[in-house]
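Every number in my numbering is 51 more than the matching position in the sequence shown, counting from 1.
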Amino acid sequence: MSSTIESKSPREFSSEQVAEFEQAVREGGEVVPAGLRDRLMSARALVLLHEEKKLAAIAALKMPLTAYRTRVSESAGVDLPASTYPFELGWVYVYPFARGRRYSQAVSSKALSKCDGRGVFATSRADNAAMHA
Ligand SMILES: CC(C)(COP(=O)(O)OP(=O)(O)OC[C@H]1O[C@@H](n2cnc3c(N)ncnc32)[C@H](O)[C@@H]1OP(=O)(O)O)[C@@H](O)C(=O)NCCC(=O)NCCS
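See the structure below:
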């Protein structure tokens, strides 16, 4: 099965590709739908992995909003200063049909490659064993 992976700034993708990405984020759940497109367009990079012509996995290097950063920091009990951790790895989602092929690793690595050596944080549920792996 051949796959292709693309990573660039949201504005460099077509509106159809951005819509495709947004749909995948929604499928993954755990997001506040209001304002999602704006948050998505402010990301540093979106990553789309296609299997043949079908979107199989996504990830992003996000620029978290201050209020969100503060909430996450307080709830995790970890300092997350923007100067040290300007980015967040997020919106990692693999469509069920494509799971178990290490695509989560591929899209996460690609997103992380866009951080220019600067700090990145990420959050996951404590029981999400696949994401932790
Ligand atoms: C979490 C998710 C992205 C993982 O993608 P995936 O295609 O299922 O997993 P991968 O094939 O990329 O495997 C990644 C690693 O997890 C391991 N893994 C996969 N499923 C696992 C499970 N249920 N339990 C434990 N480990 C698991 C794999 O063995 C692999 O580790 P390895 O490289 O050491 O062998 C995917 O299940 C998903 O989209 N879930 C719903 C959305 C989500 O939870 N996103 C993350 C939010 S933080």
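Think of the CB as a built atom: it goes at the ideal place given N, C-alpha and C, for glycine as much as any other residue.
Check: Gly151 C-beta below 7 angstroms from any heavy atom of ligand 1: The count along the sequence shown starts at 1 and reaches residue 151 at position 100. Yes, the beta carbon of Gly151 sits closer than 7 angstroms to at least one heavy atom of ligand 1.
Reduced DSSP category for Ala177 - H, G, I as helix; E, B as strand; rest coil: Counting from 1 along the sequence shown, the entry for residue 177 is found at position 126. Looking at Ala177 - three-state DSSP - the assignment turns out to be coil, as it is neither helix nor strand.
Can you find a heavy atom of ligand 1 that lies under 7 angstroms from the Cβ of Ala94? Position 43 of the sequence shown, counted from the first residue, corresponds to residue 94. No, the Cβ of Ala94 stays beyond 7 angstroms of every heavy atom of ligand 1.
Endpoints, beta strand (DSSP E) assigned at Glu102: On the sequence shown, residue 102 is found 51 positions in, with the first residue counted as 1. Note, Glu102: beta strand (DSSP E), 96–102.
Looking at the secondary structure, which residues open and close the alpha helix (DSSP H) in which Val158 lies? Numbered from its first residue, the sequence shown carries residue 158 at position 107. Looking at the DSSP string, the run of the alpha helix (DSSP H) that includes Val158 is 154–163.
7 angstroms Cβ shell around Pro61 - same chain, five flanking residues per side excluded: Counted from its first residue, the sequence shown places residue 61 at position 10. The answer, listed in chain order, is Val69, Leu91, Met92, Ala94, Leu97.
I'd like to know whether the C-beta atoms of Val158 and Leu100 end up nearer to each other than 8 angstroms. Stepping through the sequence shown from its first residue, residue 158 is reached at position 107. Stepping through the sequence shown from its first residue, residue 100 is reached at position 49. Yes; because the gap between Cβ atoms is below 8 angstroms, this pair is in contact.
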